[in-house]
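Going down the list, the sequences are from chains A and B. Letter 219 of the first sequence, counting from 1, is numbered 241 in this note's numbering, and no numbers are missing. Letter 269 of the second sequence, counting from 1, is numbered 270 in this note's numbering, and no numbers are missing. Here a beta-carbon is modelled for each residue, glycine too, at the ideal position from N, C-alpha and C. Predicted model, so just to flag it, every value in this text is computed and none were measured.
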Amino acid sequence: MLVLGIETATLVCGVALLNDERLCGEFAVNVHKTHSTRLLPLIDNLVREAGFTPASLDAVAVSSGPGSFTGLRIGLATAKGISFALGRPLVGVPTLAAVAHNLPHYPGLICSGLRARRGEVYAACYRQERDGPFLVAGPWLAPPPEIISQLPDGEVVFLGDGADLLTAAARTQGLAPPPVPPFALLPRAAAVAQLGWQRLQSAAGDDAFTLTPVYLRPSAAELKFGSPAG
Amino acid sequence: MAGYILGIETSCDETAAAVVRDGRQVLSNIISSQAELHRHYGGVVPEIASRRHVELILPVVDQALQTAGVNLSDLQAVAVTAGPGLVGALLVGVSAAKGLAWAAGLPLVGVNHLEGHIYANFLAEEQPELPALCLVVSGGHTDLIYLPEHGSPHILGRTRDDAAGEAFDKGARTLGLGYPGGPAIDALARGGDPAAFAFPRARLGDDSLDFSFSGLKTALLLEVEARRRAGDLADRLPDLAAAYQEAIVSVLVDKALRAVREYQVKCLLLAGGVAANSALRRQMQVAAGRAGIPLFYPPPVLCTDNAAMIACAAHYYLLAGQVAGWDLNAFPSLPLGKRPQGPSLEERIC
Ligand SMILES: [Zn+2]
Chain A
23 MLVLGIETAT LVCGVALLND ERLCGEFAVN VHKTHSTRLL PLIDNLVREA GFTPASLDAV
83 AVSSGPGSFT GLRIGLATAK GISFALGRPL VGVPTLAAVA HNLPHYPGLI CSGLRARRGE
143 VYAACYRQER DGPFLVAGPW LAPPPEIISQ LPDGEVVFLG DGADLLTAAA RTQGLAPPPV
203 PPFALLPRAA AVAQLGWQRL QSAAGDDAFT LTPVYLRPSA AELKFGSPAG
Chain B
2 MAGYILGIET SCDETAAAVV RDGRQVLSNI ISSQAELHRH YGGVVPEIAS RRHVELILPV
62 VDQALQTAGV NLSDLQAVAV TAGPGLVGAL LVGVSAAKGL AWAAGLPLVG VNHLEGHIYA
122 NFLAEEQPEL PALCLVVSGG HTDLIYLPEH GSPHILGRTR DDAAGEAFDK GARTLGLGYP
182 GGPAIDALAR GGDPAAFAFP RARLGDDSLD FSFSGLKTAL LLEVEARRRA GDLADRLPDL
242 AAAYQEAIVS VLVDKALRAV REYQVKCLLL AGGVAANSAL RRQMQVAAGR AGIPLFYPPP
302 VLCTDNAAMI ACAAHYYLLA GQVAGWDLNA FPSLPLGKRP QGPSLEERIC
C-alpha cells in the first residue's frame, strides 16, 4: 500500500511516500515561506523521483492538527483534492501524536508541543506502546508553565517546535528534560504516513467530505461573540 | 473533445463549484453561501469563512460534477479563483484545486476573480463582440473596464471611495432597510419618485471616468434627518430610496456611456452583484440603445460570486495557453489584467 504523507501544521512543509514498511522518500523544508507555493511541487517531485505516478497512490495521510490554521487548511484541502480525485482513502493523523512518533521506544513520557501564538502552546503527553504513541494526557492549549504543571509524574522529553518553550518552563520548575536532536524535534511527514498506514491496516479512513482540522482554539470572532448555535 | 472545465471559487463567503462546457454552457453551478453564518457576526469573518470552505469544498465539487453528469476524467482543466479576495479563503480553493488537478492529471488554471465577473457575460449562446466595455459593480468594486480583446482588460475608471454596492448597503441602513441594501432599495424605490430629491452627483473633473459615492451617503443622512424633523419620513421613504438609487445609477450610466463613445466599443456589459439592480439595467438599456450597441448582463445568479464565471474565464486562459504551475499561490489584492500562474505575479520557482 503506497501512502502519501503530508505535514504542514508548522513552518515545516513535509511530504513522504511510504510503501508498506518501506519509506520510499521524504522531502521537508523548514523555512518562513507559505506552504501553498511549495506543497504540491514537493509532492509532484517526490512521487516522480520515487518512480510513481499520482494514480499509484493507495491512500493519503495528512497531519490534522493542532497547528497553524492556514498551514493545516492548505495540507488538508490538498489532501482532500487528491483523495477525492483518486477515490482513495484519506486519514487524518493528529499532529501531536505524529511528533511523538519521532522517538519510538522512548521509555519515559513524551510531551509534544507546538507554538500557538500569544505565548501559548498546543501540547499533549504520550507513552510509547508497541504500535505507536498512546495519549496519556491532554491535548492542552495553554501557556508553557501551565502545561508543565499538568504533566504526569516521571521523566519527560519535549518534542515539537514549542519544545524550547516547554523545556525552559520545565527547568524553572526543577525538571531536567533530555536534549533532542533537530531531526527528531519537528513534525515529519514520514511519521504521518506511517501512523496513517498503520490505522488503515485495521480501520477505514476518515470521511474526506467532512474531515476538518483540529484547531483547539475557536476563531477570535467566536470567542468574542459566541458561535451562532450557542 | 468537448471542453468541460471545473471551476472553483472560494474568494469570500461563498463556496462554489461549477462545470462549464466550451466556455459558454453552464452544466452545473453550485453555490453554498455562508451569509447566514456571517450575519451573526455583522460581516464576513475571514477565519470562519476559511473554516467553512474546508468543510464544504468536496461536497460542493462533488455536487457540481454529479449535477453536470461528468467525471473528473472528462474534464479539460480545473480552474480556481487565485485572487483577489480573502487570502485564507482563497488558499482553500487553490489547494483543493491543485490536489484535484494533479491527481487527475489535468491542467490547472488560476483565474482572476474580477475577470471572472466580466466573463459571466459570455455564459450565453449569444456572445458579446469585442472590443467591449464592462461595468463591474459590486459590494467591493465599481470598475469601468475596457476589453479590447480577450486577456487584456484595463480599468478606465474606478471608485475613489465606496463601491456602488457599499453605497446601496449604507443607504439602506440609513433608511432603516435590511441587508443586502441593493435589493431592498430597488424594491422600495419602485413606489417612489426619483426626481423628488436632488442628491449630489460627484463630478470629479470633466474627463474623469472615476466614481465617488461618499458625498451622496452624507446627503441622504441629512435629508433623512430633515424628514424626521418634518414628521413625514415614513411617507417619503419610497421617494428617498428612488432618488438615492437614481443618483447612483445615473452616474454609472453617464460614465459608462462616455467611455462607450470614447473607446468606440461594440457592446456594453454589466457584471457584479449590483448588475442585478433593475433601475441600473433599465437605464443602461435605454442608454445603450441610444448609442446603438447591445447591452449584456448575466442572470442574477451569475452576477454574484459563482464558479461558472471562473470556469468560463479559464476557457479563454486556455485558448491563450495560460496554465498555472503547481506552485500557484493565492493573491489577496490581485489587480485586474494580471493572470496568476505561479508563486508570485512575476516568476515561477520550478
Ligand atoms: Zn465577486
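- In the DSSP assignment, A/Y148 is bridged to A/I132 and A/L157.
- Taking C-beta atoms under 8 Å as the contact rule, B/F297 and B/N30 fail to qualify, at a distance of about 18 Å.
- With a threshold of 8 Å between beta carbons, A/A120 makes no contact with chain B.
- If you look at A/F247, you'll find it isn't in any beta strand (DSSP E); it sits in the alpha helix (DSSP H) that goes A242 to F247.
- With a threshold of 8 Å between beta carbons, A/A185 makes no contact with chain B.
- For B/I32, the closest Cβ of chain A is not nearer than 8 Å.
- Taking a cut-off of 8 Å on C-beta distances, the stretch 246–262 of chain B touches the stretch 136–150 of chain B, as three or more cross pairs fall below it.
- Contacts between A/R95 and chain B, judged by CB atoms closer than 9 Å, involve S51, R52, H54, V55, G89, L92, V93 and S96 in chain order.
- In the structure shown, B/H155 falls within a strand segment according to DSSP collapsed to helix, strand and coil.
- The closest CA to that of A/C35, considering only A/D42, A/S134 and A/R60, is found on A/R60.
- A Cβ of chain A is located within less than 8 Å of the beta carbon of B/N330.
- Listed along chain B, the residues sitting closer than 7 Å to A/L98 by beta-carbon distance are V55.
- Straight through space, the alpha carbons of A/R137 and A/T194 are spaced by roughly 19 Å.
- B/L131 is the residue among B/E224, B/L131 and B/H118 whose C-alpha sits nearest the C-alpha of B/P149.
- For A/D228, the three-state secondary structure derived from DSSP is strand.
- For the C-beta of A/P76, the chain B residues within less than 9 Å are, from N- to C-terminus, W103, A104, A105 and G106.
- Set against 7 Å, the gap from the CB of B/H114 to the closest heavy atom of ligand 1 is smaller.
- Annotated as distal: B/A97 and B/I32, with beta-carbon spacing of 8 Å or more.
- The nearest non-hydrogen atom of ligand 1 is less than 7 Å from the C-beta of B/H118.
- Not one heavy atom of ligand 1 is found less than 7 Å from the C-beta of A/D153.
- Within 7 Å of the C-beta of A/D228 there is not a single heavy atom belonging to ligand 1.
- Scanning its chain for C-beta atoms nearer than 6 Å, with the 5 sequence neighbours on each side dropped, one finds around B/L337 the residues L115, P154 and I156, in chain order.
- Taking C-beta separations shorter than 6 Å and ignoring five residues to either side along the sequence, the partners of B/E247 in its chain run P195, following chain order.
- Under the DSSP definition of a beta bridge, A/N41 partners with A/L24 and A/R44.
- Taking a C-beta cut-off of 9 Å against chain B, the contacting residues of the stretch 222–236 of chain A are A230, F231, T232, L233, T234 and P235, listed in chain order.
- In this structure, DSSP gives B/I294 a state outside helix and strand, which the three-state scheme calls coil.
- Remark: the C-beta of B/D144 is outside contact range of ligand 1, defined as less than 7 Å to any heavy atom.
- In terms of Cβ geometry, B/D328 and A/P63 form a close pair [threshold 8 Å].
- In terms of CA proximity to A/G93, A/T32 leads the group A/E142, A/T32 and A/L222.
- In this structure, A/D153 is the residue among A/G141, A/S224, A/D153 and A/P111 with its C-alpha nearest to the C-alpha of A/A119.
- DSSP lists B/R22 and B/L76 as the bridge partner or partners of B/Y5.
- With 16 or more other Cβ atoms inside 10 Å of its own Cβ, B/D306 counts as buried.
- Cβ atoms of B/A280 and B/A190 come within 8 Å of each other, at about 7 Å.
- For B/Y42, the nearest CB of chain A lies under 8 Å from its own CB, placing it at the interface with that chain.
- For B/D14, the CB stays at least 7 Å from every heavy atom of ligand 1.
- DSSP lists B/V112 as the bridge partner or partners of B/T82.
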